[in-house]
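Using the UniProt record's numbering, read the sequence shown as starting at 1 and increasing by one per residue. C-beta: ideal position from N, C-alpha, C; glycine also. For clarity, every value in this text was computed on a predicted model and none was experimentally measured. Here the structure is laid out as structure tokens; the discussion comes afterwards.
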Amino acid sequence: MITVDAVRTAVHTSMPTIVSDLTDLVAIPSVSASSHDQSQVQRSAEAVSALLRDSGLDAEILSVPAPDGTPGRPAVLAHKAGPQGSPHVLLYSHHDVQPVGDPTGWDQADPFTAERRGERLFGRGTADDKAGVITHAHALRILASLADGELPCSVTVFIEGEEEVGSPSFENFLTTHRDRLASDVIVVADSSNWKVGVPSLTTSLRGVVQVDVRLDMLDHALHSGMYGGPVLDAATAMCRLIASCHDEAGDVAVAGLVSQSQADADFPVYPEADFRADAGILDGVELSGTGDLTARLWTKPSLTLIGMDVTPLDLAGNVLTPSCTARLSLRIAPGQDPAAAQEALVAHLEKHVPFGGRLTVTGREAGPAFDGSEVTPASEAAHWALSTAWDTEAVNIGQGGSIPFIATLKETFPDAQVLVTGIEDPDTRAHSENESMHLGELEHIVVAEALLLARLGGAIDS
1 MITVDAVRTA VHTSMPTIVS DLTDLVAIPS VSASSHDQSQ VQRSAEAVSA LLRDSGLDAE
61 ILSVPAPDGT PGRPAVLAHK AGPQGSPHVL LYSHHDVQPV GDPTGWDQAD PFTAERRGER
121 LFGRGTADDK AGVITHAHAL RILASLADGE LPCSVTVFIE GEEEVGSPSF ENFLTTHRDR
181 LASDVIVVAD SSNWKVGVPS LTTSLRGVVQ VDVRLDMLDH ALHSGMYGGP VLDAATAMCR
241 LIASCHDEAG DVAVAGLVSQ SQADADFPVY PEADFRADAG ILDGVELSGT GDLTARLWTK
301 PSLTLIGMDV TPLDLAGNVL TPSCTARLSL RIAPGQDPAA AQEALVAHLE KHVPFGGRLT
361 VTGREAGPAF DGSEVTPASE AAHWALSTAW DTEAVNIGQG GSIPFIATLK ETFPDAQVLV
421 TGIEDPDTRA HSENESMHLG ELEHIVVAEA LLLARLGGAI DS
């Protein structure tokens, strides 16, 4: 039997190697956005495959085309059998990363050269989600080292290469490799912990609907002095249209959307002062919306203007722009059908078009929310493992962000118990400049995953 102390000691001793492996993985700029060098995503897949082979698994690099025929980006699939009759666990994370954003916003010359400052390792992908990859590889390596090379349960590791671009080939990958991915428990290591020092299991995720909105007001540009007044330029009209999507309190004003103004009873209270500090809200800026703060973040819809085609300042002239296109991202509450949410948003926009402008709405993305609140043997094992690793009681939390493929996993493998575990913390700044990973938290995460697998396989002496 494996003991908790043995796992803790082994992980602590391995931390220099764990940090070194994470640093090496971060050094590969595996940005999956099509405007970047996709050979780096292949390099990253090769490095991940090597890590998993070093952990004793059979690993290979695979890809399948997206529904439109576009080649899928390389994923890594690895496997090691456990004792006969033991549960089969699927471990998920992704090795692709976001672009660096504004290079001047980083406190280091190269975001892909990881730098340690204090207890945090800074660099693109240090947390999201290369820390997840490292967690899987080293939790398995530790378990094998404590049991003569054997694992307590059968494990398949699926490391995706295109999560940051919406997982276009994900469903085809599941269909193609269904027999290899079918499992009793699925662990998705791509969420956040409540705060540093407090482990969490994510039991609620919002879904997402994304649309492009085009508004045409004129058939050509006009001199704003000669024609301004009787007609609005398209950008101003677009601003009026988008403003209609929120009421005076800042709640989403789109009729027909699911909205839960009270958060689940087992969610922790989020003090406003903590939220303001975590989010970096400027002094004097009021919070928007009504209801519990956690509900506003996790169980109510939110709508954000994430892009807009307007004339840049250095090209500005006295012109009435004839058309304008904006991109809206609508986060939807658990229980909301994405198609119905998109229909509701389109209906709202059609109803509020200013001054009879010509409206065109094009859907881009629609992903369902996730409700993992059901208590299962796997969730109980996860709570024990997390609480033991941190020596602090684990909490259930929601996330305002979306991981639509989790719903796809549930649909494909309806009998599997899905666990969404934390890699990040409120200071991680995933997708932003100065992304970082707290190394003390990383140590706890590796311990927790090793304990979880041992508990699921009945091999832990607790």
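For the putative contact between residue i and residue j, defined by C-beta atoms under 8 angstroms, what is the C-beta separation to the nearest angstrom?
i       : j       : result
Glu-424 : Asp-128 : 6 angstroms
Pro-338 : Ala-366 : 4 angstroms
Met-217 : Gly-357 : 5 angstroms
Val-133 : Val-48  : 6 angstroms
Ala-235 : Val-319 : Not confirmed; about 10 angstroms, so no contact.
Ser-244 : Asp-292 : Actually they are not in contact, since the Cβ atoms of Ser-244 and Asp-292 sit about 25 angstroms apart, beyond 8 angstroms.
Ser-379 : Gln-417 : 7 angstroms
Val-208 : Ser-329 : 6 angstroms
Val-196 : Glu-435 : Actually they do not touch by this definition, with Cβ atoms about 15 angstroms apart.
Phe-405 : Ala-182 : With a Cβ gap of about 16 angstroms, Phe-405 and Ala-182 do not count as contacting.
Identify every residue that forms a DSSP beta bridge with residue i.
i       : result
Cys-324 : Leu-215
Asp-371 : Ser-204
Glu-365 : Gln-210
Ile-2   : Ile-460
Leu-77  : Glu-60, Phe-158
Lys-195 : Val-198
Gly-398 : Ser-204
Gly-102 : A small fix is needed here, since residue 102 is Asp in this sequence, not Gly. DSSP, once it has assigned bridges, lists no residue as partnering Asp-102.
Phe-122 : Glu-115, Ser-436
Gln-417 : Val-185
Gly-280 : According to DSSP, Gly-280 bridges with nothing at all.
Met-308 : Ala-326
Gly-228 : Val-231
Go ahead and label residue i buried or exposed: buried means 16 or more other beta carbons lie within 10 angstroms of its beta carbon, across all protein chains shown.
i           : result
Met-437     : buried
Ala-394     : buried
Arg-117     : exposed
Thr-17      : exposed
Asn-396     : buried
Ser-34      : exposed
Gly-280     : exposed
Gly-457     : buried
Leu-315     : exposed
Phe-355     : exposed
Arg-331     : buried
Pro-71      : exposed
Glu-248     : exposed
His-348     : buried
Glu-163     : buried
residue 499 : It is not possible to answer for residue 499, since the shown part of the chain is limited to 1 through 462.
Gln-84      : exposed
Glu-443     : buried
Thr-360     : exposed
Val-269     : exposed
Measure the Cβ-Cβ separation of residue i and residue j and say whether it is below 7 angstroms.
i       : j       : result
Cys-324 : Leu-419 : no
Gly-289 : Asp-251 : yes
Ser-373 : Thr-202 : no
Ala-344 : Leu-282 : no
Ala-295 : Ile-2   : no
Arg-120 : Val-100 : no
Leu-151 : Phe-370 : no
Phe-112 : Pro-29  : yes
Ala-6   : Leu-146 : yes
Val-76  : Ala-45  : yes
Ala-78  : Leu-62  : no
Val-213 : Ala-326 : yes
Pro-368 : Ala-340 : no
Ala-189 : Thr-135 : yes
His-138 : Leu-241 : no
Gln-210 : His-431 : no
Gly-398 : Ser-200 : no
Gly-161 : Val-41  : yes
Worksheet item: With a cut-off of 8 angstroms, do at least 3 Cβ pairs link the region 1–20 to the region 446–453?
Response: yes
Worksheet item: Does the count of Cβ pairs from the region 276–291 and the region 303–320 closer than 8 angstroms reach three?
Response: no
Worksheet item: So, do the region 164–177 and the region 101–117 have three or more beta carbon pairs nearer to each other than 8 angstroms?
Response: no
Discussion item. Check whether the region 83–93 and the region 55–64 touch, using three or more Cβ-Cβ pairs below 8 angstroms as the test.
Written reply: no
Worksheet item: Any contact of the region 64–74 with the region 154–171, i.e. 3+ C-beta pairs under 8 angstroms?
Response: yes
Item to complete: Inspect the CB distances between the region 92–99 and the region 381–392 and report whether three or more fall short of 8 angstroms.
Response: no
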